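Enquirer: Residue numbers (the numbering used here): 44 to 490.
#1: If you check the beta carbons only, do residue 387 and residue 309 fall under 9 Å apart?
#2: State buried or exposed for residue 209, treating a residue as buried only when at least 16 other CB atoms are found within 10 Å of its CB.
#3: Look up residue 456 in the DSSP assignment and say whether it is helix, strand or coil.
#4: Sort 465, 140 and 426 by Cα distance to residue 255 and report the nearest one.
#5: Thinking C-beta only, is residue 175 closer than 9 Å to residue 241?
#6: In angstroms, rounded to a whole number, what distance separates the CA positions of residue 91 and residue 270?
#7: In angstroms with no decimal places, state the Cα-to-Cα distance between residue 412 and residue 263.
#8: For the stretch 426–441 against the stretch 326–345, are there 3 or more C-beta pairs whose distance is under 8 Å?
#9: Which of helix, strand or coil does DSSP assign to residue 297?
#10: Taking residue 456 as the reference, give the member of 441, 469 and 464 with the closest Cα.
#11: Rounded to whole angstroms, what's the CA-CA distance from residue 294 to residue 337? Just pull it up for me.
#12: Quick check on residue 153: buried or exposed, where buried means 16 or more other Cβ atoms within 10 Å of its Cβ?
#13: In or out: residue 335 buried (at least 16 other Cβ within 10 Å) or exposed?
#14: Please return the same chain residues whose Cβ sits closer than 6 Å to the Cβ of residue 259, not counting the five positions on each side in sequence.
#15: Straight-line CA distance for residue 110 to residue 82?
#16: Using the C-alpha atoms, what's the distance from residue 353 back to residue 383?
#17: Could you name the residues that DSSP lists as bridge partners for residue 152?
#18: Please list the segments of the alpha helix (DSSP H) lying wholly inside the stretch 324–363, counting only runs of 4 or more residues, in order along the chain.
#19: Is residue 183 helix, strand or coil when you go by DSSP?
#20: My guess is that residue 197 and residue 237 are in contact by the Cβ rule of under 8 Å, so how many angstroms apart are they, rounded?
#21: Compare the C-alpha of residue 444 against each of 96, 72, 365 and 284 and name the closest.
#22: Determine, using beta carbons only, whether residue 375 and residue 398 come nearer to each other than 9 Å.
#23: Excluding the 5 residues flanking residue 401 on each side, which residues of the same chain have their C-beta closer than 7 Å to its C-beta?
#24: From residue 362 to residue 145, what distance separates their C-alpha atoms?
#25: Spatial neighbours of residue 78 within its chain, please: CB distance less than 6 Å, with the 5 preceding and 5 following residues excluded, ordered by chain position.
#26: Within its chain, find whatever has a CB closer than 6 Å to the CB of residue 472; leave out the 5 residues flanking it on each side and keep chain order.
#27: Run through the stretch 366–407 for me and flag every whole beta strand (DSSP E) of 3 or more residues, listed as ranges in chain order.
#28: Got a sec, what are the start and stop residues for the beta strand (DSSP E) residue 318 sits in?
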């Protein structure tokens, strides 16, 4: 039986995400795959890039000698950088190259999620500089704040996700654990974690420069929402943070075979028309006309195993293994069943476009806060009002999502619990500011 087990869950194929008419877009998780070799010569390892680096080192050495300099002095000062560059080309890049279904390297991916994350950071910093000038903050202060907030935000966002899904990361091999934790460009960042980490790290810079934390919060929070909006487009490209099932319609998203939502729907039995018991040991119902019904599967039959696999008969050896579509292997009623990718629907059942809703909500809230900044003079109001707005928005959007389990014995996700805390703390802080606060920043006619 031509199947292969999935090495890691939640991988998305490079196929387009089809939206129900009239919305039609072409989206890819991997925007660009830098090939492993050019004209049969490897690009990474001891290949073309290493040869170019060696040639550059030779040219630099010749130039130093011609200018009467000392090679020993030059390489003692810059040798470490060259050595690290060589190590990255020879060992670093090959370690993160994607492989095909046979395990052979095929190239280095440029991820849509990572690109949108980078664009979000650039846009947020640019807006922060513009807003900082309106609030009397020097550009140098914002440039100094940015690394603290960015690095702290990434660490906080990743830490929040790793803690929540620790079983997916911590294994007996420490190197594998570290590699999984560090691989954040493919998804796995929690917005609330980035807010917490960014604000805590940024506070260090704020404290050192003796600047009002409330004023900085007023400047920064709208910019974080702008970055969030672009980041959610990255989520759409990556196929993560997807919504729950919905009626098909103009706004419903149809993700392709290979996406996380397709994998989840296939693992639950929904895409083959099977409803499984909670312990996945019995068939409770079979949808008429479904792939399962065509195999003669009946309610009440016992289930020995029900596993999502890679359908390798559809694999392209020139492409990464993660783009190989999913199939399904199951033993039901004493019979072994295999559904290849050709036997399954091309796309998942329709789901809510939560990534798009989140992006629109974040950019709308950002614009509203920037507009309100023209009239609000009390430091902290923009910060806490924005936090309240985002908490409400996130709480409601979580109701449309199905990729997060309930916590603490309730149906509320961890993000909904955090939203409640943020809402209460921000509301109390806003009331306290209104009662005792006095405007200290003169009103500005432009935000």
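From the three backbone atoms N, C-alpha and C, an ideal C-beta is built for every residue, glycine too.
Just so we're clear, the structure is a prediction, and the values are computed from it rather than from any experiment.
Expert: This is what the structure gives:
#1: Yes.
#2: Residue 209 comes out exposed.
#3: In the structure shown, residue 456 sits in coil (DSSP, three-state: anything other than H, G, I, E or B).
#4: It is 426.
#5: Note that the C-beta distance between residue 241 and residue 175 is not below 9 Å.
#6: Residue 91 and residue 270: Cα-Cα distance of roughly 36 Å.
#7: When rounded, the distance between both Cα atoms is 11 Å.
#8: Verdict: no, contact absent.
#9: Looking at residue 297 - three-state DSSP - the assignment turns out to be strand.
#10: Of 441, 469 and 464, the smallest CA-CA separation from residue 456 is found for 441.
#11: Rounded to the nearest angstrom, the two C-alpha atoms are 31 Å apart.
#12: Here residue 153 is exposed. Its C-beta has fewer than 16 other C-beta atoms within 10 Å.
#13: Buried is the label assigned to residue 335, since at least 16 other Cβ atoms lie within 10 Å of its Cβ.
#14: Non-local C-beta neighbours of residue 259 in its own chain, meaning closer than 6 Å and more than five positions away in sequence, comprise 249, ordered along the chain.
#15: C-alpha of residue 110 to C-alpha of residue 82: approximately 37 Å in a straight line.
#16: Near 9 Å, if we compare the C-alpha coordinates of residue 353 and residue 383.
#17: Residue 152 is bridged to 76.
#18: For the stretch 324–363, whole alpha helix (DSSP H) runs of length 4 or above, ordered along the chain, are 334–337.
#19: DSSP places residue 183 within a helical segment (H, G or I) once states are collapsed to three.
#20: Under the criterion of beta carbons closer than 8 Å, residue 197 and residue 237 qualify as touching, at roughly 7 Å.
#21: Of the candidates 96, 72, 365 and 284, 284 places its Cα closest to the Cα of residue 444.
#22: Result no, Cβ atoms of residue 375 and residue 398 do not sit closer than 9 Å.
#23: Cβ neighbours of residue 401 beyond the five flanking positions: 275 and 440.
#24: So the alpha carbons of these two residues sit roughly 11 Å apart.
#25: Short of 6 Å from the beta carbon of residue 78, and not among the five residues preceding or following it, lie these beta carbons of its own chain, in chain order: 150.
#26: When the five nearest sequence neighbours on each side are left out, the beta carbons in the same chain lying within less than 6 Å of the beta carbon of residue 472 are those of 427, in order along the chain.
#27: The stretch 366–407 contains these whole beta strand (DSSP E) runs: 369–375 and 378–382.
#28: From DSSP, the beta strand (DSSP E) with residue 318 extends over 317–319.
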